[in-house]
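Numbering (the working numbering), first residue to last: 14 to 280. The structure under discussion appears below in the form of structure tokens.
Pasting the structure below:
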């Protein structure tokens, strides 16, 4: 029978040892299976080819996903998605326009940090709206310093430093009840996973859709990260090179393609 390779439904990545789910891609824009091998020849006189030997067989899958999955970024970084509770490592910037006579501004959230230096600096915006002249935090406000009340979240501005129409820029770190983070350490590298690809063939005679599944017992995730944003939303490029497992009895399989019919399931 003849088939057209119609569509990939999803790519599933599982932990290589535990088989626990790591990532599922289901917003795929394109997909390809690639493979190659190197052929070397035994040659006789005048370059006549006497025999051919095939070596260095490789296989890989490449795809792009319309949505960015944080789990795949973690696999590329050789890390895990970690849930941080009561963390204070996310910078928040707030801007306040000063009205004539204002001596204080109030943050939307409480700043976290060492007592007496929770904020450290505030800035007067320059003509481009960027942080300009800076003022340090002290226990009491002065002509060149500001103070901060932890209880109320109020900043007492430096005396006479800000006039009507000026903008106060404040960078600070509030405490979050929880957030997620991925750490990319220089001594950790991309991981390997079990890879399962669900897709469809179309029977060219009956035009019926036939499900198929591509299985990679071990796939090395590429560590190349390229998330670009601009005039178009970023896509996530997927590049996984098939590898053979070294465990006893695992064989030399790079991938297996299975065509099946759901009606043949035995319950």
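We put the CB at the ideal spot given by N, CA and C, even for glycine.
- By the Cβ criterion, the region 88–102 is not in contact with the region 62–70, since fewer than three pairs of Cβ atoms, one from each stretch, lie closer than 8 Å.
- With contacts defined as CB atoms closer than 8 Å, residue 180 and residue 110 qualify as a contacting pair.
- In this chain, the beta strand (DSSP E) harbouring residue 270 covers 269–272.
- Rounded to whole angstroms, the gap between the alpha carbons of residue 170 and residue 116 is 5 Å.
- Segment contact: the region 247–262 against the region 74–88, three or more CB-CB distances shorter than 8 Å; contact assigned.
- Rounded to whole angstroms, residue 148 and residue 137 show a C-alpha spacing of 8 Å.
- Partner residues in the beta bridge of residue 51, as assigned by DSSP, are 68.
- With respect to the C-alpha of residue 175, the residue from 157, 229 and 218 having the closest C-alpha is 157.
- Between the region 204–217 and the region 229–246, the count of Cβ pairs shorter than 8 Å is three or higher; the stretches touch.
- DSSP places residue 90 in the helix class (H, G or I) of the three-state scheme.
- Relative to the Cα of residue 236, the nearest Cα in the group 164, 89, 49 and 27 belongs to 89.
- Boundaries of the beta strand (DSSP E) harbouring residue 250: 249–255, taken from the DSSP string.
- Burial state of residue 131 is buried, judged by a 10 Å Cβ sphere holding 16 or more other Cβ atoms.
- In the assembly as shown, residue 279 is an exposed residue. Its beta-carbon has fewer than 16 other beta-carbons within 10 Å.
- Of the candidates 73, 201, 216 and 164, 73 places its Cα closest to the Cα of residue 46.
- Residue 266 holds the alpha-carbon nearest to the alpha-carbon of residue 254 among 221, 241, 266 and 83.
- Residue 59 counts as exposed, since fewer than 16 other beta carbons sit within 10 angstroms of its beta carbon.
- Ranked by Cα distance from residue 242, the options 52, 81 and 33 are led by 81.
- In this model, residue 182 and residue 269 are separated by some 58 Å (Cα to Cα).
- When the beta-carbon positions are compared, residue 25 and residue 41 stay at least 8 Å from each other.
- Classified as exposed, residue 259 has fewer than 16 neighbouring CB atoms from the shown chains inside 10 Å of its CB.
- The continuous stretches of beta strand (DSSP E) do not include residue 240, and DSSP gives it neither H nor E.
- In the structure shown, residue 83 adopts helical secondary structure according to DSSP, grouped into three states.
- Between residue 19 and residue 222 a beta carbon distance of about 7 Å is seen, short of the 8 Å cut, so the two are scored as contacting.
- In this structure, DSSP gives residue 235 a state outside helix and strand, which the three-state scheme calls coil.
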